[in-house]
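**Q**
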Amino acid sequence: MAQELQGSRHPDGTRFAIVVARFNDHVTSGLLRGARSALADAGVRDEDVTIVHVPGAFEIPLTALRLAESRRYAAVICLGCLIKGDTMHFEYIATATSNGIMDAATATGVPMSFGVLTTLDEDQALMRAADGPGNKGGEAARAALEMATLMPQIARGNERMQK
Ligand code: DLZ
């Protein structure tokens, strides 16, 4: 019989870190609210959440890497907002940020969720940061919860196979 694994979104006593970019704060503050609310809904205590503010999305990957290396957190939730402008800045920062977050997660084995909006205009961004079920910060937090509970299951499976 096949063995199926999936995360539960109901972690016990695990700590989470949120890295949130200050650039486009009127949007990222909504993402942060959504993420905190999703963690609270899952029973994560406020004192088990560390929120780190960084200048912009470009600063998220290094910060997330350092938090993961501390081994204090079951997952890192990354929040930011990139709005396309008239120059190539958007493309460079979006690529660096998404690759950097993925690299940090795979290098440390600590799950990181991608709550960085990459939108064509401000309206699209505001819509995705509004309170409610469509809030992308909440979505990123729920992904982090699921991965945080899935990783230990896989680790336990690996241990069993080695015995
Ligand atoms: C410079 C810049 C620009 C043009 N646009 C954004 C953006 O839309 N979203 C964002 O989070 N950050 C932006 N930044 C700032 C960079 O992420 C970074 O903070 C600076 O280049 C300093 O390293």
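For this note's numbering, count along the sequence shown from 1 and bump the result up by 20. Each residue gets a CB set at the ideal place from its N, CA and C atoms; glycine is no exception. A quick note: this is a predicted structure, and the numbers were derived from the prediction, not measured.
Sorry if obvious, but does the Cβ on proline 75 come closer than 7 Å to a heavy atom of the ligand DLZ?
**A** Answer for proline 75: yes, Cβ within range of the ligand DLZ.
**Q** Where does the unbroken beta strand (DSSP E) through serine 133 begin, and where does it stop?
**A** Here the beta strand (DSSP E) through serine 133 covers 132–139.
**Q** Alpha carbon to alpha carbon, what distance is there between aspartate 123 and valine 69?
**A** Taking the straight line from one Cα to the other gives about 23 Å.
**Q** Which residues mark the beginning and the end of the beta strand (DSSP E) in which alanine 95 is found?
**A** Counting along the chain, the beta strand (DSSP E) containing alanine 95 begins and ends at 95–103.
**Q** Can you grab the Cα-Cα spacing for the pair threonine 117 / threonine 139, in whole Å?
**A** For threonine 117 and threonine 139, the distance between alpha carbons rounds to 14 Å.
**Q** Could you have a look at histidine 46 and say whether DSSP puts it in helix, strand or coil?
**A** It is helical.
**Q** Since leucine 165 and glycine 27 should fall inside the 8 Å C-beta cutoff, what is the C-beta to C-beta distance between them, to a whole number of angstroms?
**A** Indeed, because the Cβ distance is near 7 Å, the residues count as touching under 8 Å.
**Q** For leucine 52, which residues from the same chain have a beta carbon less than 8 Å from its beta carbon, with the 5 sequence-adjacent residues on both sides left out?
**A** Contacts found: Ile38, Val40, Ile71, Leu99 and Gly157.
**Q** Looking at histidine 46 and the ligand FMN, is the gap between the Cβ and the nearest heavy atom below 7 Å?
**A** Annotation note on the ligand FMN: not contained in the displayed structure, which lists the ligand DLZ as its ligands.
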